[in-house]
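Okay, structure first, notes after.
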Amino acid sequence: EVQLQESGPGLVKPSQSLSLTCSVTGYSITSNYWGWIRKFPGNKMEWMGYISYSGSTSYNPSLKSRISITRDTSKNQFFLQLNSVTTEDTATYYCARYGLTTVASFDYWGQGVMVTVSS
Amino acid sequence: DVVMTQTPVSLSVSLGNQASISCRSSQSLLHSDGNTYLSWYLQKPGQSPQLLIYLASNRFSGVSNRFSGSGSGTDFTLKISRVEPEDLGVYYCFQHTHLPPTFGSGTKLEIK
């Protein structure tokens, strides 16, 4: 069974970097595309970006100067780094898999990790 | 960015009745490859979002046939027939035709 699990600090200070790990079991990240999505307090959801099976990336232009998505295929993990965070980056962060048959949609999600940006 | 407008914001439905959620996009979601990359998700309380519908009208594996998606271009609808208690939560539409992909603002379904 495909499982994704986010991990990382729950509290980050303003101006610092947010770093999260998505650990995947039951499926290789060298297949499919893998995304990061966040949900802000309230209901707003934002697509942040993805990394592909080959390691190519695509980012939301609203974040482009601050975001980096990388991977470690040996550990079957991919990572999110968001630089120069502000309180507006406080959100629950999810990693998710793009389906193959369910084109351009997320068929498996992690449980999410809540990150608060505060001094 | 493509704006996805969901209505209503909240919906209170009696058990066994039908619920309908609208999602309108600011641009057509018909991709040049002929696909319409519109999906629907349900986020139940305390859980991650779960995929219900992809490519506007295809039900994801294991999803109840009480859920159906329809629409084209800029107008899409999710219908839930015979609402059950486990259907409560927040529903989102999501488009991936245009970059960046964008979500609707969510519709909260409550059971009356």
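Protein chains in written order, with my numbering: chain D, 2 to 120; chain P, 36 to 147. Idealized CB from N, CA, C, for every residue including glycine. These figures come from a predicted structure and were not determined experimentally.
I need the straight-line Cα distance from residue i to residue j, nearest angstrom please.
i              : j              : result
S120 (chain D) : K79 (chain P)  : 31 Å
L77 (chain P)  : V98 (chain P)  : 11 Å
Y51 (chain D)  : K76 (chain D)  : 18 Å
L64 (chain D)  : Y94 (chain D)  : 14 Å
G69 (chain P)  : A97 (chain D)  : 25 Å
T88 (chain D)  : D122 (chain P) : 33 Å
Q82 (chain D)  : R72 (chain D)  : 11 Å
Q78 (chain D)  : I38 (chain D)  : 16 Å
D36 (chain P)  : Y60 (chain D)  : 13 Å
F111 (chain P) : Q85 (chain P)  : 18 Å
M115 (chain D) : S83 (chain P)  : 12 Å
T26 (chain D)  : G36 (chain D)  : 15 Å
S2 (chain D)   : Y34 (chain D)  : It is worth fixing the name first, because residue 2 (chain D) is Glu in this sequence and not Ser. Roughly 17 Å between the two C-alpha positions.
V13 (chain D)  : Y127 (chain P) : 28 Å
T102 (chain D) : N100 (chain P) : 18 Å
P15 (chain D)  : P135 (chain P) : 26 Å
S29 (chain D)  : E7 (chain D)   : 16 Å
F129 (chain P) : G139 (chain P) : 6 Å
P62 (chain D)  : L113 (chain P) : 29 Å
M49 (chain D)  : S49 (chain P)  : 36 Å
Y109 (chain D) : S74 (chain P)  : 14 Å
S66 (chain D)  : N84 (chain D)  : 8 Å
E119 (chain P) : T137 (chain P) : 28 Å
T58 (chain D)  : C23 (chain D)  : 15 Å
I want to verify the contact list: residues of chain D whose CB lies under 7 Å from the CB of residue i, in sequence order.
i             : result
S67 (chain P) : By Cβ distance, chain D contributes nothing, its closest Cβ being about 14 Å from S67 (chain P), past 7 Å.
Since residue i meets chain D, which of its residues come closer than 9 Å, beta carbon to beta carbon?
i              : result
G141 (chain P) : G43, N44, K45, M46
Y127 (chain P) : N44, M46
From the DSSP output, read off the bridge partner residues of residue i.
i              : result
L65 (chain P)  : P:T71
L21 (chain D)  : D:L81
R72 (chain D)  : D:F79
L1 (chain D)   : The structure shown does not extend to residue 1 (chain D), since chain D is modelled only from 2 through 120, so no value can be given for it.
G104 (chain P) : P:L113
P84 (chain P)  : P:Q78
If the cut is a Cβ gap below 7 Å, which residues of chain P does residue i touch?
i              : result
G27 (chain D)  : Per Cβ cutoff of 7 Å: no residues; G27 (chain D) is ~16 Å from chain P at best.
W37 (chain D)  : Those within 7 Å of W37 (chain D) in chain P number zero; the least Cβ separation is about 12 Å.
T103 (chain D) : L86, Y89, F95
N61 (chain D)  : P135
Show which residues of chain P have a CB atom less than 9 Å away from the CB atom of residue i.
i              : result
N33 (chain D)  : Per Cβ cutoff of 9 Å: no residues; N33 (chain D) is ~14 Å from chain P at best.
Q112 (chain D) : Q82, S83
Y95 (chain D)  : S83, P84
At 8 Å on the CB atoms, spell out the chain D contacts of residue i, in chain order.
i              : result
F111 (chain P) : Ordered by position in chain D, no residue passes the 8 Å Cβ test against F111 (chain P), which lies about 13 Å from the chain.
Please confirm if the region 28 to 46 of chain D is in contact with the region 10 to 20 of chain D, defined as three or more CB-CB distances below 8 Å between the two stretches.
Verdict: no, contact absent.
Report yes or no: do the region 138 to 146 of chain P and the region 48 to 63 of chain P share at least 3 C-beta pairs separated by less than 8 Å?
Three or more Cβ pairs closer than 8 Å define a contact, and the region 138 to 146 of chain P meets that threshold against the region 48 to 63 of chain P.
Mind the definition here: the region 90 to 110 of chain P touches the region 81 to 99 of chain D only if three or more C-beta pairs lie below 8 Å; say whether that holds.
Not touching, per the Cβ criterion.
Between the region 91 to 107 of chain P and chain D, which residues of the former have a C-beta closer than 9 Å to a C-beta of the latter?
For the region 91 to 107 of chain P, which is checked against every Cβ of chain D, the residues closer than 9 Å are N93, F95, S96.
Interfacial residues, the region 49 to 68 of chain P to chain D, with Cβ spacing under 8 Å
From the region 49 to 68 of chain P, no residue has a Cβ closer than 8 Å to chain D.
Between the region 66 to 80 of chain D and chain P, which residues of the former have a C-beta closer than 9 Å to a C-beta of the latter?
Of all residues in the region 66 to 80 of chain D, none has a Cβ within less than 9 Å of some Cβ in chain P.
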